[in-house]
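Numbered by the working numbering, the letters in the sequence shown go through residues 457 to 629 in order.
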Amino acid sequence: MNSEDEWFSQVDMLFIAHRTRLRRAAFKILGDWDRADDVIHDAYLKIRDCPDNKLEVKQPIAYLFQTVRNMAIDQYRRAVFELDLFDSEEEGLLVPDKLRTPDIYLMHYQSLDLIVAALNELPERTRRIFELYRLEGYTQRMIAEELQISVSLVNILIHAAIHHCKEALSSRS
């Protein structure tokens with residue numbers, strides 16, 4: 457067995473033997489057992505995959521603890537940074553919705569009433585074409601086939617209905 461294999465074997469045994477202490481060290485920094493477990497796992501992988509000269513490490517247990525502490529501190533700093541950067545979800549729920557205030561509702565209801573009144577002023581066929589197109593999702597071709605008129609007439613009547621509704625809304629303001 458070469459010395460690198462011995463190093464890996466020693467690291468494995470040290471992680472197993474000192475897992476509880478390593479976990480506790482990470483928990484003291486992070487305050488969360490699950491995150492402490494993640495740090496220990498990441499530290500193990502980092503040490504195993506490290507391309508540095510492992511044979512120069514004179515105190516492997518101190519090296520393991522220092523690696524775990526450093527990674528826990530990095531994760532703690534990252535969490536604090538993200539907490540400062542992003543507000544919590546609860547804070548977002550407290551932001552008032554400017555589109556749902558009573559005056560906005562009233563304005564929308566008034567506009568809707570004006571549109572309904574404007575549509576009732578239209579001839580029956582024009583109103584029906586507009587409703588089929590805008591409310592029921594028919595295509596102009598489907599409307600033309602159902603009412604047995606040309607597609608161009610359907611297009612003209614839709615535009616006439618839209619124009620009439622826009623005039624009714626603009627006359628309010």
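Glycine included, each C-beta is placed from N, C-alpha and C at the ideal position.
### Query
Which same chain residues, not among the five before or five after C621, have their C-beta less than 6 angstroms away from its C-beta?
Counting from one through the sequence shown, the residue named residue 621 turns up at place 165. Counting only Cβ-Cβ distances below 6 angstroms, and skipping sequence neighbours, we find I571 and A574.
#### Entry: Beta-carbon proximity of R479 to D488, cut-off 8 angstroms
For the purposes of this step, residue 479 is identified with residue 23 of the sequence shown, where counting begins at 1. For the purposes of this step, residue 488 is identified with residue 32 of the sequence shown, where counting begins at 1. Cβ distance not < 8 angstroms, so R479 and D488 don't count as in contact.
### Query
In three-state terms, what does DSSP make of C506?
One-based indexing of the sequence shown puts residue 506 at position 50. Three-state result, C506: coil.
### Query
Within this structure, are the beta carbons of L486 and L520 separated by less than 8 angstroms?
Taking the first residue of the sequence shown as 1, we reach residue 486 at position 30. Taking the first residue of the sequence shown as 1, we reach residue 520 at position 64. The answer is no: Cβ separation not under 8 angstroms.
### Query
In terms of residue numbering, what span does the alpha helix (DSSP H) encompassing I605 cover?
As a position in the sequence shown, residue 605 is number 149, starting the count at 1. Run containing I605: none; DSSP gives neither H nor E here.
#### Entry: For Y565 and D449, the rounded distance between their alpha carbons
Since the displayed the chain opens at 457 and closes at 629, residue 449 lies outside it and no answer follows.
### Query
So what's T476 in DSSP terms, helix, strand or just coil?
Along the sequence shown, read from residue 1 onward, the residue named residue 476 stands at position 20. Helix, per DSSP.
### Query
At what residues does the alpha helix (DSSP H) containing E512 begin and finish?
Translated into the one-based positions of the sequence shown, residue 512 becomes position 56. Neither: E512 is in no alpha helix (DSSP H) and is coded neither H nor E.
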